[in-house]
Amino acid sequence: MEVAVLQSPVAQTKVVGKTGVLIVNLGTPDSPSVPDVRKYLREFLMDGRVIDIPLVQRSLLVNGVIAPFRAPKSAKIYKQLWTETGSPLKYYGQVVEKELQKELGDDYVVKLAMRYQSPSIDAGLNEFQQLGLTNIIVVPFFPQYASASTGSVYAKVMDIVKDWNVIPAIRFVNRFLEHPKFIEGFAQIARKYMAAYDYDHFLFSYHGLPERQIRKGDVTKTVCQFGDCCNTFNALNQHCYRAQCFETTRLLVEALGIPEGKYTTSFQSRLGSDPWIKPYTDEVIKEFPSNGIKSVLAFSPAFVADCLETTIEVGVEYKELFEQAGGKHWQLVESLNDSPIWIETLVDLVKTA
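Just so you know, our numbering puts 254 at position 207 of the sequence shown, and the rest follows in order with no gaps.
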């Protein structure tokens, strides 16, 4: 007797989940008051990737010297920067969060976080955890990789998720200085100034780092010489922050058609007496007028949102320094902030992460 066997097809259910996108900038005080600025400085400078000295020494330096004495001075500067919408860095971050969410659509959950202060990385990741997201993309807002910036974000994220029972798939954007839309974003802003004025020189000023941090990143112990080694960008020096900055300049110079000899790459915001990567922006500026450079278009392409280092340091303080030395015309190229091309850049970075 034949037995008919009824074979039921196995229903296969594909679970489609959302992807969390954590966009992370450096951070800002909650207000320009001295207590809030001091709180921010303490959290920022106690990061062992920012001031990379032993914990006891770092604590004595930050809590005993820098935070108490620098906070009142920094608070005054932050008051110059503050607007009716608050900190520009946080304000633009919030706008970008909304615009990026709109462009990415319902398959993504976009959250803004700051490496220091609020909104925190902890809060963003915890929200992703509560939503049951198993795919997360972290986009640090630093075009060039440095241990003290992008590396610190990586470390913080991993420190948080290491205690989760279910650790999601996490992908990080390492750098994006080569992204064509990132370069074009700065070029678009610069072109409007170049069309209105014939500049003698173009300055590309990047946030500085201690030379020791660059040496630590050179695992070969042979590449970083703090000189001509950054004249090309290759497989050996591609992880060097200084080399990445020089490459960013070359890409912007090419995009804008700036002739050789009419531009300078330099580094700002040094702290302490240890040698930082050179040339130093403030020293370079002092020499411009005596070399016949009376007008400068200044870029700060290490930052994607205007902040104290761009608006105040480059836009105001360096302008005053230039004019005191005999310069006549100084113009800052603003950061990408919430421009449409910056949103387009982020969409590309997320979808190709």
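Positions of the beta carbon are idealized from the N, C-alpha and C atoms, including for glycine.
For F350, the number of other beta carbons within 10 angstroms of its own is at least 16, and it is reported as buried. If one requires a minimum length of 4 residues, the alpha helix (DSSP H) runs lying completely within the region 337 to 390 are 365 to 371, in chain order. Beyond the five residues adjoining it in sequence on each side, Y253 comes within less than 8 angstroms, by CB distance, of Q191, C292, T295, T312, S313, F314, Q315, S347, P348 and A349 in the same chain, given in chain order.
The DSSP-derived three-state label of R89 is helix. Here P326 has S313 as same chain residues with Cβ atoms under 6 angstroms from its own Cβ, once five neighbours each way along the sequence are excluded.
For R262, the enclosing alpha helix (DSSP H) begins and ends at E258 to G264. Beta-bridge annotation (DSSP): N72 is paired with M161.
Contact between I261 and C276 fails: their C-beta atoms lie close to 10 angstroms from each other, not under 8 angstroms.
Inter-residue distance for V380 and G64 is about 40 angstroms (C-alpha atoms, whole angstroms). For F249, the enclosing beta strand (DSSP E) covers residues H248 to H254. Per DSSP, T296 lies in no beta strand (DSSP E) segment; the continuous alpha helix (DSSP H) that holds it begins and ends at Y288 to L303. Residue T66 holds the alpha-carbon nearest to the alpha-carbon of L151 among R162, A170, T66 and E231. Close CB contacts of G74 within its chain, under the 6 angstroms cut and outside five residues either way in sequence, are with M161, R162, Y163 and Q164 (chain order). DSSP places N182 within a strand segment (E or B) once states are collapsed to three. For G264, the closest of P82, V208 and A193 by C-alpha to C-alpha distance is A193.
N384 counts as buried, since at least 16 other C-beta atoms from the protein chains shown sit within 10 angstroms of its C-beta.
In the three-state scheme derived from DSSP, where H, G and I count as helix and E and B as strand, G319 is classed as coil.
The three-state secondary structure of Y310, taken from DSSP, is strand.
Taking C-beta atoms as the reference points, V71 and I184 fail to come closer than 8 angstroms. Excluding sequence positions up to five before and after E144, its CB lies within less than 6 angstroms of the CB of V157 and L159, all in the same chain and listed in chain order. Judged by DSSP secondary structure, I332 falls within the alpha helix (DSSP H) whose first and last residues are T328 to E334.
In terms of Cβ geometry, R105 and S199 do not form a close pair [threshold 8 angstroms].
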